[in-house]
Each structure stands twice: as C-alpha cells, then as structure tokens.
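Quick notes on the structure that follows.
Protein chains in written order, with the working numbering: chain A, 1 to 151; chain B, 152 to 302.
Take a look at the structure:
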C-alpha cells in the first residue's frame, strides 16, 4: 500500500497528525515492545503481571534517519518474528483466558490482547487511508460529495 | 490485506452493509465500467460527453459464484490493464483539464476523475478495515476504549 509512493504521500506528519511514515514506525515499536512482550508477561504468570506502558510517540525518535522503505522492511521482519513466536506457542483455549494487568484497564486476557493487536493494525491502516485521501480533498472536485472519507 | 483470510472475515455482506467480498467486486466493476471508460469519454471530446451512470451495486449480481480469491485475481488483472492504459496515454497538463459531464455533478475534469479514482480506492480500503475491525468489537475487551475504529 505504501511501497514506492513519493514522500509527498507518506511524510510530513507531526505528533498530533501522523503521516504514514510515523504510523509504520509506531507499528514497529508495537512489535518490539507491546504485543508479544505483553503476551509473554501473561503466559509466564509471574509475580508482576503489569505491562510496561507503551510509548505511542516513540517512533518520532526511533525512526530518525530511516527511509520509509527501510521502515517497511524492518516492520516486515519484526512482524514475521512476532507471528513465528505466536505460532510456536500453539496457544490453548485455556491459555487464552490467562490474564495480565494493563496499566490503565487492569485485568485483560491474552485473547483480548491478541484481538486488540488485530484491531490496532486495522485502525492504523484506516488512518493511513484517511491521511492520504485528505491530500486530494480539493483535487477530486465535485466528487467530494460522494467520498465520505474526505469529511 | 485480504488474501488467505477465512470467509468469516470476508463474506456475509448485504447491499446496505458490504463485506470485503462485495467491496472487491465493486472495485472490479469500477475498473471495467467507470474510471477508464469515463476518461476515454473525456479524452475523445465527442458530441456526447455524459458518462454512463455507474451501478454501485452491480457486484451483487456479477460476483455470483466466484470466490474472493478469484475476485482478487480478476481485480489485479483489471487494475493492471487500467494502469497500462493510463500510462500509455502520457497525459499532458492540458489534457488533464479537459472536461466530461457527470450525470449528477455536471462538468468534471479529467484530473478530478483521476484524483477521485485514487480517493475512491482509499475510501474502500478504509471501509474494509472498519467492517473487519467491527467483528472484534467484543473480543478486544477494555481496549475498545482506545480503538476509535470500533466506535
């Protein structure tokens, strides 16, 4: 979806208005510090099951100096590793009900964590479509009326 | 994004609430009857420059009997052909200002048509993310609060 696009489409974001570049960095940081690490905390059922808070702006530091193409490659590697790990666990129904402690929500189950991982991906794909479509708000002329994404 | 997903994720839509399956069919119909055919009407600058109205529900007939995998293959072929055609025109700035007549909007330029083609893609990718995420509304538990896509 983003491969090969010019920087006009993919960069120029701010902390309050992320560009696709920032979103990919955010997804990478999630692979490394959020989803699988939190699943491990739940599966280990150790004494401290409270997740480390996730820094949702970390990418503004961590992506520095990287091209979008590099970030996309990194994300592919990191996501593949996450999915390999997830598959290797062969989770049982019982394990999916195990709980960890979210720093804000309190008790959350492993199945809720994994479902949120999926919904989180979809949220950010949606965000990418919205950010990119907005650039054509004027260019589409009268079609704007039909394109609810531009509202 | 859709390849290899189970039918739970991709089918079961209605005319008022499209599933990814229906959306892919709609995109195929757009390639065949909307974007490039309308661009041709504009470029030819013939006597009748009014576009044929686009049937946005045609896929509910035309996709019948096809699997999503077949539709995705069809779409890839049709889209590639559309892009080959578009590139072969080597459009000039002047051509992009040529106009056709939209059955509802009246005068529209070729550049507006092409920009709308892009924004239309993005609209439907967004729709796919929303339709799929909704299936996990309950499964994400307390994370629902953070996932604006589920609102």
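Note that beta-carbon positions come from the ideal geometry of N, C-alpha and C, so glycine has one too.
- Relative to the Cα of residue 163 of chain B, the nearest Cα in the group B/197, B/187, B/211 belongs to B/211.
- For the options B/173, B/169, B/190, the alpha carbon positioned closest to that of residue 265 of chain B is the one of B/190.
- Excluding five sequence positions before and after residue 82 of chain A, the CB atoms of its chain that fall closer than 7 Å to its own CB belong to 31, 35, 36, given in chain order.
- Residues of the segment 76-106 of chain A whose Cβ lies closer than 9 Å to any Cβ of chain B, in chain order: 102, 104, 105, 106.
- The Cβ-Cβ distance between residue 291 of chain B and residue 116 of chain A falls below 7 Å.
- Under the three-state reduction of DSSP output, residue 78 of chain A falls in the helix class.
- Residues of the segment 124-136 of chain A with a C-beta atom less than 8 Å from some C-beta of chain B are 125, 126, 129, 130, 132, 133, 136, listed in chain order.
- Residue contact check for residue 164 of chain B against chain A: no CB pair falls below 7 Å.
- In the three-state scheme derived from DSSP, where H, G and I count as helix and E and B as strand, residue 100 of chain A is classed as strand.
- The closest CA to that of residue 120 of chain A, considering only B/259, B/244, B/278, B/301, is found on B/301.
- In this structure residue 196 of chain B is exposed. Its beta-carbon is surrounded by fewer than 16 other beta-carbon atoms within 10 angstroms.
- Not one beta carbon of chain A lies nearer than 7 Å to the beta carbon of residue 268 of chain B.
- Nearest neighbour of residue 136 of chain A by Cα position, chosen from A/5, A/102, A/9, turns out to be A/9.
- Closest by C-alpha distance to residue 28 of chain A, out of A/6, A/1, A/48, A/56, is A/56.
- About 11 Å separates the CB atoms of residue 223 of chain B and residue 156 of chain B; that is not less than 8 Å, and the two are not in contact.
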